[in-house]
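Protein chains in written order, with this note's numbering: chain A, 14 to 273; chain B, 14 to 273. Taking it in order: structure first as structure tokens, then the write-up.
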């Protein structure tokens, strides 16, 4: 059998790693992942052959995982969060697609049995740490314009604003990109008030977690780095303060009444 | 201490329940949940006082959970999926908010320590079972018009279509609602081709799971019930067939090339 597990390990807290993800890693002889992700998992990675590749080598990481599995090494391709959300899973299927279309020369990939195991994504970890920010319709938008033109992203933010979705921005800034988040904020300010609650969640559920609740009007890219999730409430989201504890939640609907 | 755990237990597969969720249930003396969710969890629920309320009694379920915790019974309010996504978590904070605003008469609720534990949502389970449908920007839309007027929902679907988001419909139909899903389909057909892949995932990751890959043109509410997740790809999503195995994935971007 040739087997590839495609595994998401959640936001960071080992207690949020699904048993199924842990079992897949345990069953594998070879792991393809950033070292950092594996450090968070602990003992289960001991004794495995660990294949690392520099950041930015995403497609080669997916190729390597398929190659290893095709060579009959049970392999786990691992990422933090949900590997199906802005992550490696889609690259595996993009490569299979290319092989099926005759654009690759790896028919052996087609024999690999693939099992995708989802994980808890950053937006979910962030929402849970401050209450229930994702209580009603929401969307995610990646601000990376590496593979999607900025005009498309801009249009999408416009639609998300007009549709009054709660919005989580993935890849909000990078070393080379610093202006997109403020541009996104300015678009959203056309649709919802400056007082709209915003979550900045950095290193969520990890030891050095920091959580800031701010507002759309105060949102500034200078307060955000590549380890930060930015989630913007909808027009009904509420920031409440109970003594020393703060919460943000988005009501289930728009009628503002507590019926069933 | 008065403690309330607000716990999501994932789509159904016991192997997808986070250890943190299981530990919270174990630490509780009282569970507030539908019986069905607890059956999936097995032994960990043994010996707990189980409080059930009929479907439709959501707000009373949240009240009961706060009341029990305030009475110093360590309590877990439990739902399947992610309890922060279209589920009970937001009702707990809505009640706290009302108390802080003086619209309730339960100051004891404000002493309850609340810990929200996220879970894997149906859209993630569905995407993973067919590949990587959530590989790029996506949104969720609830088709229930109980608390949100249909005009708002309609506008939101329009925005989701125009923004070319992958869309997961929650509450796609119910016994009393059967026409909204087809109306949603017709809106989306203005923006993306009839060949767009659509996932119908029923009872995802459970014993009686059924998964159907269809197209937006073929999507029909008659094939969907209240246990079904409906996820519609974006204009770039691909349905690929490798022998007896089918996959759906959404590429990372719009440039249609495999660069990093």
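Just so it is clear, CB atoms sit at the ideal spot from N, CA and C, and this is done for glycine as well. In this text the structure is predicted, and so the values were computed from the model without any measurement.
Closest Cα partner of residue i within the set the options
| i | options | result |
| --- | --- | --- |
| residue 146(B) | 108(B), 258(B) and 251(B) | 251(B) |
| residue 214(B) | 260(B), 237(B) and 81(B) | 237(B) |
| residue 110(B) | 100(B), 99(B) and 123(B) | 123(B) |
| residue 68(A) | 133(A), 211(A), 212(A) and 100(A) | 100(A) |
| residue 278(B) | 40(B), 65(B) and 75(B) | Only positions 14 to 273 of chain B appear in this structure, which leaves residue 278(B) out of reach. |
| residue 45(B) | 54(B), 74(B), 183(B) and 204(B) | 74(B) |
| residue 139(B) | 129(B), 175(B), 180(B) and 174(B) | 180(B) |
| residue 15(A) | 80(A), 35(A), 25(A) and 70(A) | 80(A) |
| residue 229(A) | 164(A), 182(A) and 190(A) | 182(A) |
| residue 85(A) | 187(A), 116(A), 41(A) and 168(A) | 41(A) |
| residue 172(B) | 204(A), 118(A) and 148(A) | 204(A) |
| residue 150(A) | 263(A), 36(A) and 35(A) | 263(A) |
Whole-angstrom distance between residue j and residue i, CA atom to CA atom
| i | j | result |
| --- | --- | --- |
| residue 30(A) | residue 216(A) | 16 Å |
| residue 141(A) | residue 126(A) | 34 Å |
| residue 89(A) | residue 234(A) | 35 Å |
| residue 27(A) | residue 200(B) | 42 Å |
| residue 59(B) | residue 50(A) | 35 Å |
| residue 232(A) | residue 104(A) | 32 Å |
| residue 261(A) | residue 143(A) | 6 Å |
| residue 255(A) | residue 113(B) | 7 Å |
| residue 22(A) | residue 219(A) | 13 Å |
| residue 38(A) | residue 92(A) | 12 Å |
| residue 177(A) | residue 43(A) | 44 Å |
| residue 248(B) | residue 87(A) | 34 Å |
| residue 55(B) | residue 106(B) | 29 Å |
| residue 159(B) | residue 241(A) | 35 Å |
| residue 270(B) | residue 71(B) | Note that residue 270(B) scores 48 on pLDDT, short of 50, meaning its location in the model is unreliable; the coordinates nonetheless yield the value given after this. Residue 270(B) and residue 71(B): Cα-Cα distance of roughly 47 Å. |
| residue 253(A) | residue 226(A) | 11 Å |
| residue 211(B) | residue 47(B) | 30 Å |
| residue 266(A) | residue 257(B) | 42 Å |
| residue 102(A) | residue 259(B) | 15 Å |
| residue 77(A) | residue 117(A) | 14 Å |
| residue 166(B) | residue 192(B) | 13 Å |
| residue 168(A) | residue 152(A) | 14 Å |
| residue 188(A) | residue 206(A) | 29 Å |
| residue 224(B) | residue 198(B) | 19 Å |
| residue 196(B) | residue 196(A) | 33 Å |
| residue 57(A) | residue 164(A) | 44 Å |
| residue 61(B) | residue 36(A) | 28 Å |
| residue 108(B) | residue 83(B) | 13 Å |
| residue 202(B) | residue 190(B) | 21 Å |
CB-CB length for residue i against residue j, believed under 8 Å
| i | j | result |
| --- | --- | --- |
| residue 243(B) | residue 194(B) | 7 Å |
| residue 95(B) | residue 18(B) | Rounded, the Cβ-Cβ distance is 14 Å, inconsistent with contact. |
| residue 185(B) | residue 156(B) | 5 Å |
| residue 24(A) | residue 133(A) | 6 Å |
| residue 97(A) | residue 97(B) | Their Cβ separation, rounded to whole angstroms, is 18 Å, which puts residue 97(A) and residue 97(B) out of contact at 8 Å. |
Exposure label - residue i; buried when at least 16 CB within 10 Å
| i | result |
| --- | --- |
| residue 63(A) | exposed |
| residue 239(B) | exposed |
| residue 245(B) | buried |
| residue 208(A) | exposed |
| residue 136(A) | buried |
| residue 162(A) | exposed |
| residue 174(A) | buried |
| residue 221(A) | exposed |
| residue 131(A) | buried |
| residue 33(B) | buried |
| residue 115(B) | exposed |
| residue 20(A) | buried |
For the region 54 to 91 of chain A, which segments carrying the beta strand (DSSP E) assignment without a break, of at least 3 residues, lie completely within its bounds, in sequence order? 62 to 64
Starting from the N-terminal side, write out each stretch of the alpha helix (DSSP H) that is 4 residues or longer and does not extend beyond the region 81 to 148 of chain B. Fully enclosed alpha helix (DSSP H) runs of 4 or longer: 102 to 113 and 135 to 143.
Unbroken stretches of the beta strand (DSSP E), 3 residues or longer, contained in the region 144 to 188 of chain A: 151 to 155 and 179 to 183
Where are the beta strand (DSSP E) runs, 3 residues long or more, that stay fully inside the region 210 to 258 of chain B, in chain order? 210 to 215, 223 to 228, 241 to 245 and 251 to 255
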